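A quick write-up on the structure given underneath.
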Amino acid sequence: MSDIRTHHRTCNICEAMCGLEIQHRNGEILSIKGDKDDPFSRGHICPKAVALQDFYNDSDRLKTPLRKTADGWTSISWEAAYEEIATRFRALQEAHGKDAVGVYLGNPNAHNFGNAIMLPRFFKALGTNNRFSSASADQLPHHVASNYMLGAGMLIPIPDIDHTDFMLIIGANPIVSNGSLMTAPGVGKRLKAIQQRGGKVVVVDPRRTETAKKADQHLFIRPETDALLMLALVQTLFDEQRVSLGHLASRIDGLDSLANAVKAYAPETVAEACGIDAPTIRQLARDLAGAKSAVCYSRMGASTQSFGGLCQWLNNVLNILTGNFDRRGGAMFPQPAFDLVRDKKGKPSSYGRYQSRVRKLPYFNNEFPVATLADEILTPGDGQIRGMITVAGNPVLSAPGGARLEEAFEALDFMVSVDIYLNETTRHADIILPATTGLEVPHYDVFFHSFAVRNTAKFSEPMVEKSPEQKHDWEILRDLSLHLTGLDDDGVTPEQMLDAGLRHGAYGEQGMSLETLKANPHGVDLGPLQPCLDQRLQTEDGLIHIAPQLYLDDLKRLDSSGLLERAQDTNYPFSLISRRLPRSHNTWTQNSHRLVKGKAPCTLQMHSADARKLGLEDGQMAQVATPVGSIQLPVEIDDDMFEGVVSIPQGWGHNRPQTGMSIAESQPGVSINDITDGQRIDALTGNAAFNGTRVSVQPA
1 MSDIRTHHRT
11 CNICEAMCGL
21 EIQHRNGEIL
31 SIKGDKDDPF
41 SRGHICPKAV
51 ALQDFYNDSD
61 RLKTPLRKTA
71 DGWTSISWEA
81 AYEEIATRFR
91 ALQEAHGKDA
101 VGVYLGNPNA
111 HNFGNAIMLP
121 RFFKALGTNN
131 RFSSASADQL
141 PHHVASNYML
151 GAGMLIPIPD
161 IDHTDFMLII
171 GANPIVSNGS
181 LMTAPGVGKR
191 LKAIQQRGGK
201 VVVVDPRRTE
211 TAKKADQHLF
221 IRPETDALLM
231 LALVQTLFDE
241 QRVSLGHLAS
251 RIDGLDSLAN
261 AVKAYAPETV
271 AEACGIDAPT
281 IRQLARDLAG
291 AKSAVCYSRM
301 GASTQSFGGL
311 CQWLNNVLNI
321 LTGNFDRRGG
331 AMFPQPAFDL
341 VRDKKGKPSS
351 YGRYQSRVRK
361 LPYFNNEFPV
371 ATLADEILTP
381 GDGQIRGMIT
391 VAGNPVLSAP
401 GGARLEEAFE
411 ALDFMVSVDI
421 YLNETTRHAD
431 IILPATTGLE
441 VPHYDVFFHS
451 FAVRNTAKFS
461 EPMVEKSPEQ
471 KHDWEILRDL
481 SLHLTGLDDD
491 GVTPEQMLDA
501 GLRHGAYGEQ
511 GMSLETLKAN
521 PHGVDLGPLQ
531 PCLDQRLQTE
541 DGLIHIAPQL
551 YLDDLKRLDS
561 SGLLERAQDT
571 NYPFSLISRR
581 LPRSHNTWTQ
591 NSHRLVKGKA
601 PCTLQMHSAD
611 ARKLGLEDGQ
621 MAQVATPVGS
631 IQLPVEIDDD
641 MFEGVVSIPQ
651 GWGHNRPQTG
661 MSIAESQPGV
671 SINDITDGQR
681 IDALTGNAAF
691 NGTRVSVQPA
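Numbering (the UniProt record's numbering), first residue to last: 1 to 700.
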């Protein structure tokens, strides 16, 4: 037994940053469990962590470059792949301009230490502005709000969940997600601790989620009306003179403009539209303002809708007006050891620097909204995307209008994918470049330490060394950059850049470095969140801009939407919302037998009253349709749904031909994005509007 070794690392499947203790022998994994000595996660893990061994051992995982030929896929050398890619991309750009080649980044890039640090170099070598990512199908409204209110898109306020006395959760299910833009492993215990210290948790959601079932109060709300509810809460604070800015009173700009803008949104005005009565809305505002400490946290349900930008602006507004901004128990700002926000003060924002060619959507954070990617490929003219590289992403299943994206990818002159699987997107590529994954890579959470509910830092060594023929993602991008530019390798590595950032960061004078983290494999505890906005605020005038004009202007779009009048669509009478499953994260996690075994989870959840009207029974196949497509899946009758609302989980649809994820194909489900429409966006931010899609439902 002496050859059994113990490896400590951070799980990099989702945002929670759970510490793992892995027992292994000669590369064979014997057990994966939570690391009780990790100062952040303290032994907590979710079901996804044990699947790391499935991804490492997966026989479907690609390990050598592949080229598509008339006879199928054939292996090629790395050098041959690089040469062909560089030649084809250069030819397209010489003939049609730099923007003729597009880039799409999938969610796993945020969990990939090497790519997170080295991607800017690849972007510079490629030279295109046509960049897209999963961020605009997820969290763009958060970043735009922080940009305009606080001066930096990455300066995201995080709930101080461990010290709050009242937590209002809107459109989020953190018990399943382990927090999202709120990195909080073991969030269920953290929520329970609020209640144990005499506090209260309230959830607002069209579905009684796993989190709502553990809360003190759950309020059903009609999809897409979250902004109306939040405006009514703000209006109540002003109307009942419950605004209290606390220590930030002298730092707030635009308070009078805000007060005037919300006058028209009294609870009595919005109640019927939201499905929440006016007295309940008023009491919710009073509870938020009256608690010893409180925080409002809204996430995917509020972000991925037509008014996601307004929602995330108003989320910040509520925390500011109740005196719970940059305050213990409220919305606070982490001070990460490797800081993505440093030295942004006074620098111009990229928001709106360019507009997308076809639909004139705003450019932000160095990318365009993914909702318009298919337009940019399929619409002829100057600047048309003719070549594409996708990096660790499967937008055919994860972006709106998946069927149209398939058509677009098939129309490209040349396509490259950096990915470990032959999936629904990469099957359209001409060359696939597979990288190392999971246990083979070193790891530092570049992004999620910036969103964590406690300040910590941790570096994980690889559990196993990669084989000589394997390459890390960042090495692939480095080599492609060198072939595209003809430059020589300067030898810079992600670890060197991380070390420099740690040494010059907030804890550098205390000896923080990569060497320090390597000597502490469980991680380093840097303490609870502290008031620090004086150091973190990045606006040029040093003020918080509580009422940026673009948000006040967007209220006109909300007023003209028909939401207040509850405009009905008789052809598509139901509102569709997505949901996350505890044993699923993104499309690639479906190739773990540990995560997909058991009863098929891809169901249409609907209220029993709706099912009766349609003559549908539990388990019966239903057809769900929109103007862009239709899908069929089994009904799951669930009175935890708001009447008139139906729900389908995201991340499924592994039923396309010529893919190579055999376990996922055994439990394929359907893709919700075969019926979502890329034309539905939050016009303010460009984020995709998935939730609130109008659908028809009938027996299949």
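Using N, Cα and C, we set each Cβ at its ideal position, and we do this for glycine too. This one's a predicted model, so the numbers in the text were calculated from it and none came from an experiment.
Going by DSSP, GLU410 is part of the alpha helix (DSSP H) stretching over 402 to 411. Contact between ARG131 and PHE122 is ruled out by a C-beta separation of about 10 Å, above the 8 Å threshold. Collapsing the DSSP output to three states places TRP652 in coil.
By the criterion of a C-beta distance shorter than 6 Å, ALA291 is surrounded in its chain by ASP165, PHE166, once the five residues flanking it on both sides are discounted. Considering only HIS24, HIS8, GLU15, the residue with the shortest C-alpha distance to ASP35 is HIS8. The bridge partners DSSP lists for TRP73 are LYS68.
In summary, ARG197 is exposed, with fewer than 16 beta-carbon neighbours lying within 10 Å of its beta-carbon over all protein chains present.
No Cβ-Cβ contact shorter than 9 Å links ILE175 with ALA452. By the beta-carbon neighbour count (other beta carbons within 10 angstroms, threshold 16), GLU224 is buried. The continuous stretches of beta strand (DSSP E) do not include GLN195, which lies in the alpha helix (DSSP H) extending over residues 187 to 196. For MET621, the enclosing beta strand (DSSP E) covers residues 621 to 626. In this structure, PRO141 lies near ASN687, with their beta-carbon atoms less than 9 Å apart. With the rule of 3 Cβ pairs closer than 8 Å, the stretch 384 to 398 counts as touching the stretch 417 to 437. Sixteen is the threshold: when 16 or more other Cβ atoms of the shown chains lie within 10 Å of the Cβ of HIS483, as they do, the residue is buried.
Beyond the five residues adjoining it in sequence on each side, ASP54 comes within less than 7 Å, by CB distance, of SER592, HIS593, ARG594 in the same chain, given in chain order. Taking C-beta atoms as the reference points, ASP138 and THR379 fail to come closer than 9 Å. In this structure, TYR148 sits away from VAL370, with a CB-CB distance that is not shorter than 9 Å.
ASN319: member of the alpha helix (DSSP H) spanning 308 to 321, first to last residue.
One alpha carbon belongs to GLY629, the other to PHE414, and they sit about 27 Å apart.
With a cut-off of 8 Å on Cβ pairs, the stretch 642 to 650 is in contact with the stretch 205 to 212, counting three or more such pairs. Judged by DSSP secondary structure, PRO699 falls within the beta strand (DSSP E) whose first and last residues are 693 to 699. GLY615: not part of any alpha helix (DSSP H); DSSP gives it neither H nor E.
Between LEU581 and THR485, the alpha-carbon positions lie close to 43 Å from each other. Annotation for PHE113: no beta strand (DSSP E) segment contains it, though the alpha helix (DSSP H) segment containing it runs 113 to 126. Bounds of the alpha helix (DSSP H) holding PHE238 are 226 to 239. The Cβ-Cβ distance between MET332 and PRO185 does not fall below 9 Å. With contacts defined as CB atoms closer than 9 Å, GLY383 and ALA689 fail to qualify as a contacting pair. Straight across, the Cα-Cα distance linking SER31 with GLU665 is about 27 Å.
DSSP places ILE377 within a helical segment (H, G or I) once states are collapsed to three.
Setting aside the 5 residues that flank it on each side, TYR551 is surrounded in the same chain by TRP313, each with a C-beta closer than 6 Å to its C-beta; the list follows chain order. Cα atoms of ALA86 and ILE432: separation of roughly 14 Å, rounded to the nearest angstrom. For ARG5, the enclosing beta strand (DSSP E) has its first and last residue at 5 to 10. ASP618 is positioned such that its CB atom lies closer than 9 Å to that of ALA611.
Counting along the chain, the unbroken beta strand (DSSP E) around SER575 starts and ends at 574 to 579. Going by beta carbons, TYR421 and ARG190 fall outside the 9 Å limit.
A residue is called buried once 16 or more other Cβ atoms fall within 10 Å of its Cβ, and ALA408 is buried on that count.
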